[in-house]
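Asker: Dropping the structure in here first, questions after.
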Amino acid sequence: MSDSEFVPSEAQVSAAFEYAGLDISSDRLAANYETYASTLALIRKASTPSLGETAPAVAFKASWD
Amino acid sequence: MELYELPMIEVSEKIRAKEVSPVEVTQSSLARLEEVEPRLTAFATITPELALEQAKIAEKEISDGNYRGPLHGIPLAVKDLYDTAGVSTTSSSAQRTDYVPDTDSVSVAKLYEAGMVLIGKTHTHEFAYGATTPTTGNPWAPDRTPGGSSGGSGAAVASGVVHVALGSDTGGSIRIPAALCGTVGLKPTFGRASRVGVASLSWSLDHVGPLTRNVVDSALVMAAMSGYDRTDPGTVDVPVPDMVTGIAAGVAGKKIGIPVNYYTEQISAEAAQAAANAAATLEALGAELVEVRIPMAEHIISTEWAIMMPEATAYHMDYLRNSPEKFTDETRTLLEVGAAELATDYINALRLRTLIQAAWTEMFSSIDVLLAPTLVAAATLRSDPFIRWGDGTVEGATPAYVRLSAPANVTGLPSLSVPAAFTADGLPLGVQIIGKPFAEPEILQFGYALEQNTDVVGRIAPVAAKTAS
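From first to last, the protein sequence lines are chains A and V. Okay, so the first sequence: first residue is 132 according to my numbering, each after it adds one. Okay, so the second sequence: first residue is 42 according to my numbering, each after it adds one.
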């Protein structure tokens with residue numbers, strides 16, 4: 132499966148919330164699953180292939196001032 | 042004519058010349074607030090006692106010959122995300138109902154130093170996480186959204202309560218309400234101004250800046266807010282330019298990029314026409330229009346959300362684990378998504394941002410500025426925050442409004458939204474001028490040229506009981 136086709140299942144989303152320490156009821160998970168899954172799918176599109184040696188744009192203060 | 046109805050620079054001149062007192066100006070602002078606030082709910086907190094106290098101090102300073110400049114004695118509204126010492130700062134959230142900061146945010150401290158007077162704190166979409174500000178009405182049609190997240194600031198300026206209100210912009214939250222309410226809105230270059238003391242949505246994408254009635258107001262306020270701050274690792278140690286002196290230099294000979302993709306897709310005919318008319322106005326003033334293709338357009342929105350969401354969740358993680366019920370359901374849901382995002386997806390979005398920045402640098406090698414619609418459409422109904430497109434697609438107001446403003450957040454480039462037209466229904470539309478890094482003076486010149494050659498900048502909404510159709 133390519134990254135662009137990724138859509139997390141309800142079980143995967145539930146496991147991610149549990150791992151993150153969030154208490155999400157099964158009713159809440161079911162009610163919002165479509166929003167969770169579609170947004171995570173959109174986010175995964177930024178994990179595009181062929182980023183090569185590109186460094187992330189981060190704000191670490193290398194100057195130590 | 043009431044004092045609040047005059048342009049800010051005319052009020053400033055009257056204060057400088059001691060023709061009016063900051064106390065009279067403040068009283069005029071508070072009277073207008075009292076008149077329109079019941080229909081708009083733009084303010085989370087109103088500070089009349091503090092305002093009059095600050096105004097009296099300004100009056101005495103000016104009387105004693107200590108005039109500080111054109112912002113001295115001018116009323117100010119501040120988004121409720123900004124810390125204000127001794128004044129409730131809720132971020133429009135039940136999570137912070139009781140939060141009263143001890144110190145001012147850096148921006149507020151700088152504007153106090155310039156002599157401004159705090160009228161009150163304006164509503165935000167909860168913690169700036171959305172583009173509709175449900176608490177607040179649009180001054181041109183109170184049943185419509187003012188946009189967000191700085192919706193209270195947009196409403197306060199458009200209704201004439203203040204000439205200046207502060208906003209913050211992570212995916213368009215200054216420019217979206219500016220466009221929907223018919224005000225000027227300036228998102229500066231990432232790094233131009235300190236965010237210290239402003240509740241964060243996304244450290245990598247947050248910007249602070251003003252919403253104002255006229256373009257020169259934004260120039261004055263942005264210059265006063267700007268500058269390196271060692272306590273904000275996002276700020277850059279570059280000189281703060283004079284943003285006002287050359288503002289009337291004109292646009293003759295300048296090259297304006299006109300996008301042929303991205304900003305042209307899934308957009309209302311009226312919004313597209315407003316941008317085309319603005320381009321034609323600038324061309325008639327001697328600028329050259331150059332068609333450009335937006336690079337890496339397909340990655341902009343995914344990059345924006347992939348960076349913003351986990352950063353927002355990281356900031357709010359304690360609340361999310363311990364008191365999630367105090368968030369609105371909308372905010373809570375978005376924060377939950379951020380908790381489920383892989384770290385590798387976040388890092389790859391940051392890597393993609395590096396590539397987008399490089400590609401946009403290349404695009405800007407052949408143009409001075411980019412001109413585009415600020416938004417895809419005018420204000421939606423508050424009760425129905427969706428846009429229905431001709432092809433049957435239904436798009437939520439927040440993702441729809443963010444679409445055209447997010448590129449300037451991902452790239453960090455400065456963007457000025459200026460009122461450009463009114464729809465047939467009487468709702469404002471805006472255009473944005475995106476500039477090169479730290480070129481705020483240049484985009485302000487373009488905005489000023491549009492203001493001087495059109496009749497839609499600087500209007501005050503009547504805030505009538507009727508609503509737009």
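A virtual CB, placed ideally from N, CA and C, is assigned to each residue, including glycine.
Going along chain A in order, which residues have a C-beta closer than 8 Å to the C-beta of P482 (chain V)?
Answerer: None at all; the shortest Cβ gap to chain A is about 25 Å.
Asker: Can you look up R394 (chain V) in the DSSP assignment and give me helix, strand or coil?
Answerer: Three-state result, R394 (chain V): helix.
Asker: Tell me the DSSP secondary structure of N302 (chain V) in three-state form.
Answerer: coil
Asker: How should G294 (chain V) be labelled, buried or exposed, when 16 other C-beta atoms within 10 angstroms of its C-beta is the threshold for buried?
Answerer: exposed
Asker: May I have the straight-line CA-CA distance separating T170 (chain A) from T253 (chain V), to the nearest angstrom?
Answerer: T170 (chain A) and T253 (chain V) have their C-alpha atoms some 34 Å from each other.
Asker: Thinking just about the alpha-carbon of each residue, which of V:M337, V:Y153 and V:L457 is nearest to the one in E403 (chain V)?
Answerer: Of V:M337, V:Y153 and V:L457, the residue nearest in Cα terms is V:M337.
Asker: Measure the C-alpha to C-alpha separation of A25 (chain V) and T179 (chain A) and round it to an integer number of angstroms.
Answerer: The requested residue 25 (chain V) does not occur in the structure, where chain V is confined to residues 42 to 510.
Asker: State the Cα-Cα distance for the pair T508 (chain V) and R500 (chain V), rounded to the nearest angstrom.
Answerer: Confidence in T508 (chain V) is poor, its pLDDT being 48 and thus under 50, which makes the residue's placement too unreliable to answer from.
Asker: Does the separation of the CB atoms of H204 (chain V) and M350 (chain V) fall below 7 Å?
Answerer: Contact: no.
Asker: Do H166 (chain V) and T177 (chain V) have their beta-carbon atoms positioned less than 7 Å apart in this structure?
Answerer: no
Asker: Helix, strand or coil, according to DSSP, for Q95 (chain V) in the structure here?
Answerer: helix
Asker: At the level of alpha carbons, what is the spacing between L122 (chain V) and G106 (chain V)?
Answerer: So the two alpha carbons sit approximately 35 Å from each other.
Asker: Out of V:Q136, V:W346 and V:P187, which one is the CA nearest neighbour of L422 (chain V)?
Answerer: V:P187
Asker: In whole angstroms, give me the CA-to-CA distance for P300 (chain V) and G268 (chain V).
Answerer: 31 Å
Asker: So if I threshold CB-CB distances at 7 Å, which residues from the stretch 364-387 of chain V count as touching chain A?
Answerer: T374, E377, V378, A380, A381, E382, T385 and D386
Asker: Give the residues of chain A in contact with L396 (chain V), contact being defined as C-beta atoms less than 8 Å apart.
Answerer: L182 and T185
Asker: Residue range of the beta strand (DSSP E) that I87 (chain V) falls in?
Answerer: F84 to I87
Asker: Run through the DSSP bridge pairs and tell me what T286 (chain V) is partnered with.
Answerer: According to DSSP, T286 (chain V) bridges with nothing at all.
Asker: Against chain A, with Cβ distances strictly below 7 Å, would G275 (chain V) count as a contact?
Answerer: yes
Asker: Between the C-alpha atoms of V435 (chain V) and T131 (chain V), what's the straight-line distance to the nearest angstrom?
Answerer: Rounded to the nearest angstrom, the two C-alpha atoms are 32 Å apart.
Asker: Secondary structure at A447 (chain V), three-state DSSP: helix, strand or coil?
Answerer: helix
Asker: So with CB distances below 8 Å, who are the chain A contacts of T344 (chain V)?
Answerer: Correct list: A177.
Asker: Do three or more CB pairs link the stretch 389-398 of chain V to the stretch 264-282 of chain V at distances below 8 Å?
Answerer: no
Asker: If we ignore side chains and look at the alpha-carbon of each, how far apart do R109 (chain V) and S62 (chain V) end up?
Answerer: 14 Å
Asker: Have a look at A465 (chain V) and A312 (chain V) and give me their C-alpha separation to the nearest angstrom.
Answerer: 11 Å
Asker: For a contact meaning CB atoms closer than 7 Å, what does A347 (chain V) contact in chain A?
Answerer: Neighbours of A347 (chain V) across chain A, judged by C-beta separation under 7 Å: I174 and A177.
Asker: Roughly how many angstroms separate the alpha carbons of A449 (chain V) and N302 (chain V), rounded to a whole number?
Answerer: 16 Å
Asker: Which same chain residues, not among the five before or five after M132 (chain A), have their C-beta less than 8 Å away from its C-beta?
Answerer: Low per-residue confidence applies at M132 (chain A): pLDDT is 41, beneath 50, and the placement is therefore not dependable, though the value from the model is reported in the following sentence. Cβ neighbours of M132 (chain A) beyond the five flanking positions: none.
Asker: When the Cα of A315 (chain V) is compared with those of V:D409, V:A418 and V:Q68, which residue comes out closest?
Answerer: V:A418
Asker: Determine the direct distance from the alpha carbon of W181 (chain V) to that of G467 (chain V), and round the result to whole angstroms.
Answerer: One C-alpha to the other measures close to 7 Å.
Asker: Classify P351 (chain V) as helix, strand or coil using the three-state DSSP reduction.
Answerer: helix
Asker: What does the Cβ neighbour count give for R271 (chain V), buried or exposed, with the cut at 16 atoms within 10 Å?
Answerer: exposed
Asker: Compare the C-alpha of T211 (chain V) against each of V:Y45, V:S241, V:T86 and V:D278 and name the closest.
Answerer: V:S241
Asker: Could you name the residues of the same chain whose beta carbon sits closer than 7 Å to that of T495 (chain V), not counting the 5 residues immediately before and after it, in chain order?
Answerer: T322
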